[in-house]
Each structure stands twice: as structure tokens, then as C-alpha cells.
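Chemist: After the C-alpha cells below, expect a handful of questions from me.
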Amino acid sequence: MAFFQDLGKKITEGVHEASEKASEMVEITKINSAISKEKDAINEAKLQIGDKVYGMFKAGTALPEGLAEDFQNIDAHLQKIAEFEAKIASLKG
Numbered sequence: 003m004a005f006f007q008d009l010g011k012k013i014t015e016g017v018h019e020a021s022e023k024a025s026e027m028v029e030i031t032k033i034n035s036a037i038s039k040e041k042d043a044i045n046e047a048k049l050q051i052g053d054k055v056y057g058m059f060k061a062g063t064a065l066p067e068g069l070a071e072d073f074q075n076i077d078a079h080l081q082k083i084a085e086f087e088a089k090i091a092s093l094k095g
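Note that our numbering has the sequence shown beginning at 3, numbered continuously upward.
Structure representation (C-alpha cells):
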């Protein structure tokens, strides 16, 4: 009888552990999705910077102060990515 009790206990523990791992994987997937979204936002900001700089180049004028805001926007997204990556690292243990 003890054998079946031990077997049942081990099965329950295995199911619990598998459930925890699945939850962890779902959370990591969500965070990776958020990272991708931030990277997309960075790429969009870079495109905007490129359009501005190219327009300035074609017009023969100096670079605008507005580029500083775009660079700050990129830095903010990079910070979010670092935070998300740290969260993934803590979830992985």
C-alpha cells in the first residue's frame, strides 16, 4: 500500500513541477514578446531619425535639436529591454 501512496505522491509532485515550468515558460514568452515590441519601437524611432537626417542632408541644413528627443526615446526602450531581460534571468533562476 505504501508503494502506491509514494507513487501517487511522486506523480502529484511531477504534475506540480510541470505546471510551474509551463507557467514560467508562458511568462518568459510574454516578456520576450514585450522585448520584441520595444525593439520594433526602437527601429521605428531609428527610421524617423534617418528620415530627418536624410531630409536635412538633402536640404543642406544642420541637424535639428529634435534628434535629441529621438535618441532619448531609443534609450528609454533600451532600458525597458534591459529590465525585461533581467526579469527573464530571474525567472530562469
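For every residue, glycine included, the Cβ atom is placed at its ideal position computed from N, Cα and C.
Give the straight-line distance between the Cα atoms of Ala-20 and Asp-53, rounded to the nearest whole angstrom.
Modeler: Rounded to whole angstroms, Ala-20 to Asp-53 spans 49 Å at the Cα level.
Chemist: Taking DSSP as the reference, what is the three-state secondary structure of Glu-40?
Modeler: Of the three classes helix, strand and coil, the one that applies to Glu-40 here is helix, per DSSP.
Chemist: Is Thr-63 helix, strand or coil by DSSP?
Modeler: Reduced to three states, the DSSP call for Thr-63 is coil.
Chemist: Return helix, strand or coil for Gly-95, following the three-state DSSP convention.
Modeler: Here Gly-95 sits in coil by DSSP.
Chemist: Where does Glu-40 land, buried or exposed, given buried means 16+ other C-beta within 10 angstroms?
Modeler: Flag for Glu-40 reads buried.
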